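Residues in the sequence shown are numbered consecutively from 1, following UniProt numbering.
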Amino acid sequence: MAFTPHYYDGITLMTKHWNSTWNVDVVGVLRGKYWHPALAIRIGETAIRNCLRDQLATLRQEGLDRIGKHPCVLSEFGIPYDMDDKKAYKTGDYSSQSAAMDANYFAVEGSQIEGHCLWTYCARNDHLRGDFWNGEDLSILSLDDKPLPESPVPEYSQSSLDLARTATVANTKKDVADDRNVTPDNLKRTLTNPSISSAPSAKDPQLTNAPGFRAAEAFVRPTPTVVYGDIVSTGFDLRQCTYLLKVKAPKAAPDESPTIVYLPEYHFPKEQCEVAVSSGKWELSTDDEEGTTLQKLKWWHAEGEQSLKISGLVRKHNVPVGSEEDAGYLEQCQQGYGFNFGSCSVM
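Written as structure tokens, this is what we have:
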């Protein structure tokens, strides 16, 4: 059994605007925490982020008080993407959406809620009609937005793409015949091939109509997937691109059961990570055990309270597409793949 509340930042949801100046402790007002609603107002972005965190912590504690020691799973939260009369759709600047999403995730992580579900993923979302439901536009994906960068590995040159296309044509008939029936070979190939890849596609990218993710830097975050012991605290600082994890272990993590953290390459290219641990050893690796390629950090720590800090690549987010400030994902990541290894610092 689990306690599964929903939570939305009502001020942002109803006004469709990220207000970093003021917000309200709505849960506190509803629970009679204040003798006057004016006392529930929070001023400044730091106070607002802390307020969102404290509201979720209150909901989690209510679950513990009323149903006992069961996990709390935030079964629904999210932000409206059509803020400010859909301004971002015209300018490509999703800074407000990114700030709002990051504030919500800061609250989720800081409240120590055991799990969460982000609302929503709508496969046919577009800028005109949103999620096709109730006037809402909360989908992290839209057919009208840019794709998330596929990989920190440099892209193939145009000549390589042309050669790959030519080679692909020769095998097309055989591939079609092989894929008509489900076999162990093509099933395994389908499950292990990542849905986003740096490999050349048989189709021109201009013709694939690849959907895009909005303000993805705010919800593509590191997270512990396996913990040997209990989580004391966890959190990701988007602006500084720093992840912190504290655990309390009953004994030293055995060889077969390390603490494992999913580490997205978007924020943490392998050659541009700085890792510091209070004890033990760690290993950064990539595997496709879960059906797609994921980067993971495995940590064999000592018993007691231990800490992990990972610093990644600080980058500019949400600058207008095509502007001089838009350095591009490829250019930012080339340094980590053979062009400037002197910039990497791993501890």
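Cβ coordinates follow ideal geometry from the N, Cα and C atoms, glycine included. Note that this is a predicted model, so its numbers are computed, not measured.
Compare the beta carbon distance of residue i and residue j with 8 Å and say whether it is the shorter of the two.
i, j, result
"Lys296", "Ser311", "no"
"Tyr266", "Val314", "no"
"Ser111", "Ala218", "no"
"Val29", "Ala40", "yes"
"Met83", "His17", "yes"
"Gly78", "Leu118", "yes"
"Glu114", "Val232", "no"
"Ala2", "Leu52", "no"
"Leu245", "Leu294", "no"
"Lys146", "Gly68", "no"
"Val27", "Thr58", "yes"
"Glu283", "Ala252", "no"
"Thr15", "Ile43", "no"
"Tyr105", "Arg214", "no"
Thinking just about the alpha-carbon of each residue, which of the options is nearest to the one in residue i?
i, options, result
"Asn23", "Tyr89, Ile11, Val29, Ala249", "Ile11"
"Lys33", "Gln55, Gly44, His17", "Gln55"
"Ala88", "Ser142, Lys69, Glu256, Ala302", "Ser142"
"Thr247", "Ile260, Ser75, Cys241", "First, the amino acid is wrong: residue 247 is Val here, not Thr. Nearest option by C-alpha distance: Ile260."
"Val108", "Ser139, Asp9, Ala38", "Asp9"
"Tyr7", "Leu39, Trp18, His127, Arg60", "Arg60"
"Val277", "His301, Arg214, Thr293", "His301"
"Pro80", "Gly130, Lys90, His116, Cys117", "Gly130"
"Glu274", "Ile67, Pro258, Tyr94, Tyr243", "Tyr243"
"Ala216", "Gly115, Lys316, Lys86, Thr21", "Lys316"
"Pro250", "Pro269, Asp230, Ser257, Phe268", "Asp230"
"Leu263", "Trp299, Glu256, Ser279, Ala252", "Trp299"
"Asn19", "Lys90, Gly92, Ser96", "Ser96"
"Thr4", "His116, Lys90, Ala252, Glu271", "His116"
"Leu13", "Glu256, Cys241, Met101", "Met101"
"Pro269", "Asp126, Ile140, Asp65, Pro222", "Pro222"
"Ser257", "Leu128, Asp126, Gln272, Lys281", "Lys281"
"Asp144", "Cys241, Arg31, Lys90, Gly135", "Lys90"
"Asp85", "Asp137, Phe132, Trp133", "Asp137"
"Gln272", "Ser139, Phe132, Cys241, Arg31", "Cys241"
May I ask you to list the residues that DSSP assigns as paired with residue i?
i, result
"Tyr262", "Thr223, Lys296"
"Val24", "Ile41"
"Ile310", "Tyr243, Val275"
"Gly115", "Val73"
"Leu128", "Leu128 is not bridged to any residue."
"Gly304", "Ala249"
"Leu238", "DSSP, once it has assigned bridges, lists no residue as partnering Leu238."
"His267", "In DSSP, His267 forms no bridge with anything."
"Trp282", "Trp299"
"Gly212", "Ser142"
"His6", "Glu76"
"residue 350", "The requested residue 350 is not part of the displayed model; the chain covers only 1 to 347."
"Asp287", "Leu294"
Could you give the uninterrupted runs of the beta strand (DSSP E) lying entirely in the stretch 28-98, keeping only those of 3 residues or more? Entirely contained in the stretch 28-98, the beta strand (DSSP E) runs reaching 3 residues are, in chain order, 41-43, 73-77.
Does the pairing of the stretch 226-234 with the stretch 285-292 give three or more beta-carbon distances under 8 Å? Touching, no, given that fewer than three Cβ pairs across the two stretches are closer than 8 Å.
Are three or more beta carbon pairs between the stretch 229-238 and the stretch 116-136 nearer than 8 Å? Taking 8 Å as the limit for Cβ pairs, the verdict is that the stretch 116-136 does not touch the stretch 229-238.
Are at least three pairs of beta-carbons, each pair with one atom in the stretch 58-75 and one in the stretch 40-47, less than 8 Å apart? Because the criterion of three Cβ pairs below 8 Å is not met, the stretch 58-75 and the stretch 40-47 do not touch.
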